[in-house]
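J.: Residue numbers (this note's numbering), protein chains in the order written: chain A, 17 to 178; chain B, 17 to 178.
Cβ coordinates follow ideal geometry from the N, Cα and C atoms, glycine included.
Only a predicted model underlies this, so the values are computations on that prediction, with no experimental measurement involved.
Number of protein chains: 2
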Amino acid sequence: MIGAMEDVRRDDVRRDDVRRDEAVRGLEHEIGRLLRRVRRGLTDRAAQVDPELNATAYPLLATLAEFGPHRASDLADMFALDKGAVSRVVHQLLELDLIERTPDPKDGRASILSVTSKAQARLALMVEARREEFGARLSGWEPEKIDELAQGLARFNAVISD
Amino acid sequence: MIGAMEDVRRDDVRRDDVRRDEAVRGLEHEIGRLLRRVRRGLTDRAAQVDPELNATAYPLLATLAEFGPHRASDLADMFALDKGAVSRVVHQLLELDLIERTPDPKDGRASILSVTSKAQARLALMVEARREEFGARLSGWEPEKIDELAQGLARFNAVISD
DNA sequence: AGTCATGGTTGTATTTTGCAACCATTTAGT
DNA sequence: ACTAAATGGTTGCAAAATACAACCATGACT
Chain A
17 MIGAMEDVRR DDVRRDDVRR DEAVRGLEHE IGRLLRRVRR GLTDRAAQVD
67 PELNATAYPL LATLAEFGPH RASDLADMFA LDKGAVSRVV HQLLELDLIE
117 RTPDPKDGRA SILSVTSKAQ ARLALMVEAR REEFGARLSG WEPEKIDELA
167 QGLARFNAVI SD
Chain B
17 MIGAMEDVRR DDVRRDDVRR DEAVRGLEHE IGRLLRRVRR GLTDRAAQVD
67 PELNATAYPL LATLAEFGPH RASDLADMFA LDKGAVSRVV HQLLELDLIE
117 RTPDPKDGRA SILSVTSKAQ ARLALMVEAR REEFGARLSG WEPEKIDELA
167 QGLARFNAVI SD
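#1: With burial defined as no fewer than 16 other Cβ atoms inside 10 Å of the residue's Cβ, what is the status of Leu141 of chain A: buried or exposed?
#2: Rounded to a whole number of angstroms, what is the C-alpha to C-alpha distance between Gly84 of chain A and Leu110 of chain B?
#3: Name the chain B residues whose beta carbon is nearer than 8 Å to that of Arg52 of chain A?
#4: Which residues in chain B sit within 7 Å of Asp32 of chain A, going by Cβ to Cβ distance?
#5: In angstroms with no decimal places, state the Cα-to-Cα distance between Glu148 of chain A and Phe95 of chain A.
#6: Do Thr72 of chain B and Ala92 of chain B have their beta-carbon atoms positioned less than 9 Å apart in this structure?
#7: Whose C-beta lies closer than 7 Å to the C-beta of Leu114 of chain B among residues of the same chain, with five residues either side of it excluded?
#8: Who are the near neighbours of Ala145 of chain A in its chain, counting only those whose CB is closer than 7 Å to its CB and skipping five residues on each side?
#9: Return the CA-CA distance between Arg56 of chain A and Val34 of chain A, expressed in angstroms with no decimal places.
#10: Would you mind telling me which residues of chain B sit closer than 7 Å to Ser177 of chain A, beta carbon to beta carbon, in chain order?
#11: Going by the DSSP bridge assignment, what does Leu129 of chain B pair with across the sheet?
#12: Let me know if Arg138 of chain B comes out buried or exposed under the rule of 16 or more other beta-carbons within 10 Å of its beta-carbon.
#13: Buried or exposed for Arg125 of chain A, please, with buried defined as at least 16 other CB atoms from any protein chain shown within 10 angstroms of its CB.
#14: If you measure from the beta carbon of Arg138 of chain B to each beta carbon in chain A, is any gap under 9 Å?
#15: Would you mind giving the Cβ-Cβ distance between Leu129 of chain B and Val106 of chain B, rounded to the nearest angstrom? I have them listed as a contact below 8 Å.
#16: Within the same chain, show all residues whose beta-carbon is closer than 7 Å to that of Val143 of chain A, passing over the 5 residues directly before and after it, in chain order.
#17: For Ala63 of chain B and chain A, any beta-carbon pair shorter than 9 Å?
#18: Sorted by chain position, which residues of the same chain lie with C-beta nearer than 7 Å to Ser89 of chain B's C-beta, five sequence neighbours on each side aside?
#19: Is there a C-beta anywhere in chain B that falls below 9 Å from the one on Asp163 of chain A?
#20: Skipping 5 residues on each side, what residues in its chain have a beta carbon closer than 8 Å to that of Leu97 of chain A?
#21: By the DSSP assignment, the alpha helix (DSSP H) with Pro159 of chain A in it spans what residues?
#22: Does any CB atom of chain B fall closer than 9 Å to the CB of Thr59 of chain A?
#23: Hey, Ala39 of chain A and Pro159 of chain B are a contact pair by Cβ (cut 8 Å); roughly how many whole angstroms apart?
#24: Could you spell out where the alpha helix (DSSP H) holding Leu110 of chain A opens and where it closes?
#25: Taking the alpha carbon of Arg36 of chain A as the reference point, which residue from B:Glu68, B:Pro75, B:Lys122, B:Asp163 has its own alpha carbon closest?
#26: Helix, strand or coil: how does DSSP classify Asp66 of chain B here?
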């Protein structure tokens, strides 16, 4: 009797697993769409901030803007990029006056990279342009629904991140 | 009187807009995290399918696997990639026996690209490995919640696409 | 002090990309 | 039906991005 009950419970768990797998498949599907879409828009947004910016430099800059000052090696880690490549991109961004570098007081080897006010202004303009572009489309969405989606993604991010 | 009432209503709309802006900012924050994370894992997954696969060829292959056969120019559009670049990647994938090409019956110029059974098997193995990796972490999530997130993303994708 | 790890720069070879020219085929205009 | 323009695809070429390794300076650990 008890054995049969355990079988039923195990079947329930299995069925739940299958449904979860399907749900995850659907989620990955949407993430893929999002990824492709963002990838398409990346070059445009980068150009909007500065015509000289390429598809690698822009995400680095955006990361510094969003998460605050970081070291070059942090960026290399975040993007799984060669530190040599990061070094060159950093020099480009310095040349464009989009980031600035200050010595790390805690570590004589390192420098802290932060966005300049120029970059902040450019990014703000870009965000504003995007907001106007999407404003009409998003107007049908209640802020609560958007929050809900953001929170769901946050949970998902937490789950999949080490 | 009526003028005052309209002012109040307009104020409500403005306040809603501000809240929506904040919500969108939060959403973009999470999307950024997600994309960075996915980007980091991309190379690994590509290598899991085939060691020769680079970070560009894999998304193309995955797209063919998910959305079915497409023409090279479709892929170029989807990824905003130069058609020359796509052409070369396609040849690599053909060489690796991961995709196959058949003439388009509707258009003498075009070819239809589709994944081979070999690629399907490799992709299935990769998905399985990922599922095992995330299985434990996702086990705390009810399938309904995952579906909810996927549907939210789907709506968002629909909103921001063309 | 001595060894090793880490942050960063630079040289070099390889890969990837974008642009343009080109061919074959299809579509549009008249 | 005939020409002109557009589209799918390949290839050559030059510019760019990247990985890899060597290297220097600093810091951490023993």
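T.: Looking at the atomic coordinates:
#1: exposed
#2: 44 Å
#3: Pro75, Thr79, Met94, Phe95
#4: Pro159
#5: 29 Å
#6: no
#7: Asp66, Leu77, Val131, Thr132, Lys134, Ala135
#8: Gln64
#9: 33 Å
#10: Arg53
#11: B:His86, B:Arg117
#12: buried
#13: exposed
#14: no
#15: 6 Å
#16: none
#17: no
#18: Lys99
#19: yes
#20: Thr72, Leu91
#21: 159-176
#22: yes
#23: 4 Å
#24: 99-111
#25: B:Asp163
#26: coil
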